[in-house]
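Chemist: Following this message is one structure expressed as structure tokens.
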Amino acid sequence: MEEKKLDVNAIIGFVLIFGILLFWFYLNQPTPEELEAQKQATEQAAEASPEGGEPLQPLNRIPEPVSYPGDSLAQAAYATQVGAFAYTTAQEGVTRLENDLLYLEVSNRGGQIIEARMKQFVTYDSVPVYLVKDGNALFNLQLAMRDNRLLQTRDLYFEPSMTMEGENQVLSMRAKAGPDSYLEYRYTLKPGEYLLDFDVRSQGLSTILNPAQSALLDWQLRGIRHNKSVVYGNRYTRLTYRHEGDDISKLSEGGDDEDTESEVRWISFRQHFFSSILATDEPFPTVDLSSKNLVEEESKEVQFTKEFGARTPLELVGGELSKSMYWYYGPTDVDVLETYDDLALADSIPYGWGIFGWINRYIFTPFFSFLSSFLPYGIAIVVMTIIVRIVMSPVTYKSYLSQAKMKVLKPEITEINETHKDNAMKRQQETMKLYNKAGVSPLSGCVPALLQLPIFYALFMFFPTSFSLRQKSFLWADDLSSYDTIAQLPFAIPFYGDHVSLFPILASIAIFFYMMMTTGQTMQVQQPGMPNMKFIMYLSPLLMLFFFNNYASGLSLYYFVSNLITIGIMLVIKNVILDEDKIHAQIQEQKKKPRKENRFQRKMREMMEEAESQKKSGKRS
């Protein structure tokens with residue numbers, strides 16, 4: 001009976017995960033009104049865009065700016081409309097910044113980054129990894145003028161100037177209001193870095209800008225798909241931010257969400273294995289954050305995952321604007337992010353919450369890095385699994401010992417059930433007395449399950465988010481961070497997909513045999529009213545098969561190997577270590593000893609006796 005409780009807890013975990021997945025699918029379904037609104041917004045954006053692509057629209061709380069033509073013939077009209085910044089003579093054009101890791105394009109219009117490409121990584125279909133491309137991002141400052149106009153910098157033209165400071169590339173983008181008055185964006189890119197210094201400052205604009213109103217920084221980005229499964233990639237695409245010291249918070253990963261936070265140090269628009277991060281040494285005093293889910297279902301046509309937004313005021317000092325920040329465009333890789341330890345960017349990696357995340361970050365991540373430094377990645381997973389199961393083998397032993405004790409008590413439990421088959425209360429009382437005399441606790445089987453939960457959850461988060469596994473092959477799997485495919489289906493099965501993955505099948509078979517071993521003993525001592533363990537024995541592998549078909553093959557490999565090892569350990573314990581005759585003799589000796597009730601047992605007995613007394617009184621009346 002103890003083992004049954006252990007298995008129920010384990011299966012409840014799978015059922016809850018599966019239920020949450022279904023709930024996500026339900027929440028993500030847009031209404032017809034939302035679809036129509038999105039369609040109209042897309043058409044309007046395409047008509048208003050002078051540079052092609054599909055630029056993001058400004059957030060609702062920012063007044064809609066006027067879109068100006070970008071060709072040289074319209075410069076006179078443009079200069080009249082922007083007033084004080086008519087001194088700028090720049091036209092359409094881009095300036096390139098690049099090092100050995102990162103390629104960037106900065107547009108004269110808006111002075112913003114319009115392309116960010118990883119030079120050492122490609123997507124699942126061998127296309128370069130872009131974080132910014134074709135108008136999927138927007139950086140804008142809203143400036144309040146003394147004449148009460150609101151000016152959007154995304155519509156200003158900036159003059160570029162490239163210089164070298166040692167080995168660093170420095171790009172100055174200036175929107176000029178006069179020979180010595182301007183708004184400047186200053187980008188500094190260092191060799192071998194994914195992090196750029198980004199400074200915003202003004203000079204000589206105190207007579208133009210309204211000193212009573214802050215500038216409003218607006219950053220938006222639509223996450224580009226990088227994964228074979230857009231649903232799977234979207235699950236780990238999320239807005240994360242550090243605020244109020246060292247607090248790390250996130251917006252919803254499965255639906256639309258928004259929040260307002262204070263003292264924000266950095267904002268991460270994570271796109272699974274790659275991140276766009278805006279950071280600052282001096283916290284933003286308050287930030288409005290938003291996340292909109294763009295994925296309805298699995299599809300090869302969907303190209304964007306989520307739409308993120310962040311808006312924060314930048315205060316003027318002496319009528320001028322000055323703010324130092326950082327842009328990070330790069331992999332969500334702990335080895336890279338920890339090089340920027342002063343900004344704590346590694347905290348943006350989704351290790352998991354609480355003790356689970358601590359185990360993942362400080363035990364499994366460095367341990368796996370050590371193994372994979374001299375072993376192929378698939379073999380490193382197998383070796384780590386073997387070591388984890390060996391370390392957890394005492395827990396497995398305790399679990400099986402508890403199960404063996406319950407098996408020895410089965411004849412006496414059966415006798416109690418037959419003797420008091422018409423009196424459930426009495427049957428429960430006598431069963432508890434037997435447990436107390438034998439020194440057996442029905443709850444002892446739950447303890448091993450609780451001890452394994454942190455390991456289970458930590459590994460559940462480790463494999464899908466471990467950057468080191470990305471595009472690493474093993475056997476038939478070409479990418480351990482994504483699903484493996486042994487057959488492509490001509491149709492899609494709901495919740496399963498349009499492909500067949502072998503590692504989840506192997507893991508499901510291993511779980512089935514494990515369940516047969518454990519529930520086989522459990523069903524022998526099953527109590528009336530308890531769950532049908534035979535049904536659960538078949539349900540668990542089925543859930544594994546469906547849920548993990550689109551998951552990281554490295555995770556399925558772990559569960560397959562883990563269950564094989566667990567089965568082997570249990571066979572050794574059963575056939576070599578434990579002797580049921582000796583256990584029976586020990587229990588009989590234990591029953592002869594006087595045993596004092598603890599407070600919990602006494603309270604339970606008194607409650608049962610009181611309930612039995614009330615039941616008898618009710619029958620007499």
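Mapping to UniProt numbering: the sequence shown position 206 is 206, numbers consecutive. Beta carbons: idealized from backbone N, C-alpha and C, even for Gly.
1. Tell me, which residues are paired with Phe274 by DSSP?
2. In angstroms with no decimal places, state the Cα-to-Cα distance between Phe456 and Tyr326.
3. Does Pro331 pass the burial test, meaning 16 or more other C-beta atoms within 10 Å, or should it be called exposed?
4. Report back the beta-carbon spacing between Leu557 and Ile363 to the nearest angstrom; my notes put them in contact at under 8 Å.
5. Please tell me whether Leu294 and Lys306 are closer than 8 Å, where the distance is taken between their beta carbons.
6. Over the uninterrupted alpha helix (DSSP H) stretch that includes Phe563, give me the two end residues.
7. Using only CA atoms, which one of Met517, Ala487, Leu151 and Ser481 lies nearest to Ser229?
8. Mind checking Phe356: buried by the 16 CB within 10 Å criterion, or exposed?
9. How about Phe274 and Met461: are their beta carbons less than 8 Å apart?
10. Please look up how many angstroms separate the CB atoms of Asn99 and Leu189, rounded, as I've assumed it's under 8 Å.
11. Taking Ile224 as the reference, which of His272, Leu196 and Ile248 has the closest Cα?
12. Considering just the uninterrupted stretch of the beta strand (DSSP E) at Thr240, what are its terminal residues?
13. Can you tell which of Pro464, Ser466, Leu564 and Gln91 has the C-alpha that lies nearest to the C-alpha of Phe512?
14. Going residue by residue through the segment 118-148, where are the continuous beta strand (DSSP E) segments of at least 3 residues, counting only ones entirely within it?
15. According to the Cβ coordinates, are Ile208 and Ala175 closer than 8 Å?
16. For the beta strand (DSSP E) containing residue 654, list its first residue and its last residue.
17. Is it right to say Lys472 is buried, meaning 16 or more other beta carbons lie within 10 angstroms of its own, or is it exposed?
18. Using 8 Å as the cut-off, can you tell me whether the segment 307-326 makes contact with the segment 195-204, which would need three or more C-beta pairs spanning the two stretches below that distance?
19. Flag this pair as yes or no: are the beta carbons of Ile113 and Leu104 separated by less than 8 Å?
20. Let me check understanding here. Comparing Cα to Cα, which of Asp247, Asp180, Glu301 and Asn227 lies closest to Ser126?
21. With a cut-off of 8 Å, do at least 3 Cβ pairs link the segment 274-288 to the segment 334-348?
22. Tell me whether Lys292 sits in a helix, a strand or coil according to DSSP, three-state version.
23. What is the DSSP secondary structure of Asp347, reduced to helix, strand or coil?
24. Shortest alpha-carbon distance to Arg154 belongs to which of Val500, Asn140 and Val383?
25. Taking just the CA atoms, how far does Arg265 sit from Ile349?
26. Any chance you could list the beta strand (DSSP E) runs of at least 3 consecutive residues sitting entirely within the segment 197-231, in chain order?
27. What is the DSSP secondary structure of Asn28, counted as helix, strand or coil?
28. Could you tell me the alpha carbon to alpha carbon distance between Val106 and Met173, rounded to whole angstroms?
29. By how many angstroms is the C-alpha of Gly110 removed from the C-alpha of Leu151?
30. Which partner residues of Phe308 appear in the DSSP bridge assignment?
31. Looking at the structure shown, is Val164 part of a helix, part of a strand, or coil, going by DSSP?
32. So Ser291 and Asp256 are in contact, right, with Cβ under 8 Å, and what is the actual spacing, rounded?
33. Can you tell me whether Asp333 is buried or exposed, with buried defined as 16 or more other CB within 10 angstroms of its CB?
34. Rounding to the nearest angstrom, what Cα-Cα distance links Pro191 and Tyr340 in this structure?
35. So what's Thr153 in DSSP terms, helix, strand or just coil?
Modeler: Walking through what the data contain:
1. Bridge partners of Phe274: Gln271 and Pro331.
2. Near 36 Å, if we compare the C-alpha coordinates of Tyr326 and Phe456.
3. By the neighbour-count rule (16 or more Cβ atoms within 10 Å), Pro331 is buried.
4. Rounded, the Cβ-Cβ distance is 19 Å, inconsistent with contact.
5. Contact: yes.
6. Residue 563 is actually Asn in this sequence, not Phe. Counting along the chain, the alpha helix (DSSP H) containing Asn563 begins and ends at Ser553 to Val572.
7. Put simply, of Met517, Ala487, Leu151 and Ser481 the residue whose alpha carbon is nearest the alpha carbon of Ser229 is Ser481.
8. By the Cβ neighbour-count rule, Phe356 is buried, with 16 or more other Cβ atoms within 10 Å of its own.
9. No, these two residues do not count as a Cβ contact at 8 Å.
10. Sure, about 6 Å apart at Cβ, within 8 Å.
11. The shortest Cα separation from Ile224 among His272, Leu196 and Ile248 belongs to His272.
12. In the DSSP assignment, Thr240 falls within the beta strand (DSSP E) that extends over Thr237 to His243.
13. Of Pro464, Ser466, Leu564 and Gln91, the residue nearest in Cα terms is Leu564.
14. With a minimum length of 3 residues, the continuous beta strand (DSSP E) runs that stay inside the segment 118-148 are 128-132 and 137-144.
15. Between Ile208 and Ala175, the CB-CB gap reaches or exceeds 8 Å.
16. Any property of residue 654 remains undetermined from this structure, which presents the chain solely from 1 to 621.
17. Burial call: buried.
18. Yes: the two stretches touch, three or more of their Cβ pairs being nearer than 8 Å.
19. Their beta carbons are under 8 Å apart, which means Ile113 touches Leu104 by this criterion.
20. Closest option to Ser126, Cα to Cα, is Asn227.
21. Output reads yes: the segment 334-348 touches the segment 274-288.
22. In this structure, Lys292 counts as strand in the three-state DSSP scheme.
23. Here Asp347 sits in helix by DSSP.
24. Checking every option, the nearest Cα to that of Arg154 belongs to Asn140.
25. Rounded to the nearest angstrom, the two C-alpha atoms are 16 Å apart.
26. Within the segment 197-231, the complete beta strand (DSSP E) segments of 3 residues or longer fall at 215-224, listed in chain order.
27. Low confidence applies here, because Asn28 scores a pLDDT of 41, under 50, leaving its location unreliable; read the following figure in that light. Looking at Asn28 - three-state DSSP - the assignment turns out to be coil, as it is neither helix nor strand.
28. Spanning the two alpha carbons is a distance of roughly 9 Å.
29. Take the alpha-carbon of Leu151 and the one of Gly110: they are about 12 Å apart.
30. DSSP, once it has assigned bridges, lists Leu221 and Ser291 as partnering Phe308.
31. Correcting the residue identity first, residue 164 is Met in this sequence and not Val. DSSP places Met164 in strand when its eight states are reduced to three.
32. With a Cβ gap of about 7 Å, Ser291 and Asp256 count as contacting.
33. Burial is judged here by how many other beta carbons sit within 10 angstroms of a residue's own beta carbon; Asp333 has at least 16 and is buried.
34. Cα-Cα distance, rounded: 15 Å.
35. Looking at Thr153 - three-state DSSP - the assignment turns out to be helix.
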